[in-house]
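If you want this note's numbering, it's the position in the sequence shown, counting the first as 1, plus 20.
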Amino acid sequence: TRSTRPQRMLKAVQKNGTKGNPESVISAIDYFCKHSEWAMNVGDEKGSILDSVVTEVNPSTVLELGTYCGYSTVRIARLLSPGTKLITLEFNPVNAAVARQIIAYAGLQDKVILVEGSSGDLIPQMKERFGIMTFDFIFLDHWKDRYLPDIKLFEECGLLRKGSVLLADNVICPGTPEYLEYVRNSPRYESKYYPAHLEYTKVEDGLEKSVFLG
Ligand SMILES: O=C(NC/C=C/[C@H]1O[C@@H](n2cnc3cncnc32)[C@H](O)[C@@H]1O)c1cc([N+](=O)[O-])cc(O)c1O
Ligand SMILES: [Mg+2]
Numbered sequence: 021t022r023s024t025r026p027q028r029m030l031k032a033v034q035k036n037g038t039k040g041n042p043e044s045v046i047s048a049i050d051y052f053c054k055h056s057e058w059a060m061n062v063g064d065e066k067g068s069i070l071d072s073v074v075t076e077v078n079p080s081t082v083l084e085l086g087t088y089c090g091y092s093t094v095r096i097a098r099l100l101s102p103g104t105k106l107i108t109l110e111f112n113p114v115n116a117a118v119a120r121q122i123i124a125y126a127g128l129q130d131k132v133i134l135v136e137g138s139s140g141d142l143i144p145q146m147k148e149r150f151g152i153m154t155f156d157f158i159f160l161d162h163w164k165d166r167y168l169p170d171i172k173l174f175e176e177c178g179l180l181r182k183g184s185v186l187l188a189d190n191v192i193c194p195g196t197p198e199y200l201e202y203v204r205n206s207p208r209y210e211s212k213y214y215p216a217h218l219e220y221t222k223v224e225d226g227l228e229k230s231v232f233l234g
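Structure below.
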């Protein structure tokens, strides 16, 4: 059967990237998306904002929802301090298989735990399966109608602490109106919008950073 876009993206990484060099993997994916096929990676513009927030937080416990091809996984993992690992959740096995290879090509496999499954099922298992008490940093980039139910799940499972940072992609395009309304109106979060553009386009989009106040 015909290859998938993630599989074609992996080929481009193996062709144009340098093994063990995360920056070259990021550049190879951005080049592929700009010159061959658009894909829903967070991209270079929003990716730089992601980088700055990760660097500012310098998290010890990290969770990503929606690995897709591993582009933002590589962006985040390359910035983590030695010994810190990020957990990333992906329920499409074909995408997960591509992401594992892209993460390994970047040489970051020892800093990433990719778990296949849905966030709704896996979030309640974080404590028992991975010994996580609370997350310092969470990147939301999965199905947009899952952002709100999953943030409520984080609260119910006691996975947030005073100062936990949630960074959400696509709050304008495709948009996550219910999530935005929740974090911007809840007294339990301090929220800030980072304006940017939809990856590889001129369409308005941005990231919402929400700090849990305890
Ligand atoms: O739809 C978008 N992203 C959804 C991402 C989806 C990816 O996360 C996984 N997933 C989903 N819920 C999951 C729950 N649990 C685990 N994996 C999950 C899916 O298997 C897919 O690999 C999107 C769309 C546009 N766009 O312009 O259209 C732009 C973007 O930046 C986007 O992020
Ligand atoms: Mg996105």
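For each residue, glycine too, the CB sits at the ideal point set by N, CA and C.
Measuring CB to CB, does residue i end up less than 9 Å from residue j?
| i | j | result |
| --- | --- | --- |
| Phe150 | Pro79 | no |
| Gly234 | Gly183 | yes |
| Tyr199 | Ile171 | yes |
| Leu186 | Ile158 | yes |
| Thr81 | Thr104 | yes |
| Gly226 | Lys66 | yes |
| Val118 | Ile46 | no |
| Glu219 | Gly63 | yes |
| Phe111 | Glu136 | yes |
| Leu70 | Thr108 | no |
Taking its Cβ as the centre, do 16 or more other Cβ atoms sit within 10 Å of residue i, making it buried, or is it exposed?
| i | result |
| --- | --- |
| Val73 | buried |
| Gly90 | buried |
From this set, the options, which residue's C-alpha is nearest residue i's C-alpha?
| i | options | result |
| --- | --- | --- |
| Met60 | Tyr209, Phe232, Lys212, Pro194 | Pro194 |
| Ser92 | Asp189, Pro144, Gly137 | Asp189 |
| Pro102 | Val62, Glu57, Gln129, Gly67 | Gln129 |
| Leu168 | Gly137, Arg204, Ile152 | Arg204 |
| Pro42 | Ile123, Asp71, Gly63, Cys53 | Ile123 |
| His162 | Tyr88, Phe232, Leu134 | Tyr88 |
| Asp141 | Leu85, Val118, Arg25 | Leu85 |
| Glu228 | Ser211, Ser139, Asp50, Ser138 | Ser211 |
| Met153 | Arg25, Gln27, Glu136, Leu83 | Leu83 |
| Ala116 | Leu100, Gly127, Ser138 | Ser138 |
| Pro26 | Lys147, Lys164, Leu106, Glu57 | Glu57 |
Which first and last residues belong to the beta strand (DSSP E) in which residue i is found?
| i | result |
| --- | --- |
| Ile152 | Per DSSP, Ile152 belongs to no beta strand (DSSP E) and is neither H nor E. |
| Thr108 | 106-110 |
| Ile133 | 132-136 |
Hey, could you find the ends of the alpha helix (DSSP H) residue i is sitting in?
| i | result |
| --- | --- |
| Lys172 | 167-176 |
| Leu142 | 139-142 |
| Val118 | 113-125 |
| Thr267 | Since the first residue of the chain shown is 21 and the last is 234, residue 267 is not available in this structure. |
*In chain order, each alpha helix (DSSP H) run of at least 4 residues that lies wholly inside the region 25-88*: 25-36, 42-55, 63-77
*Hey, which unbroken runs of the alpha helix (DSSP H) at 4 residues or more fall wholly within the region 194-231?*
197-205
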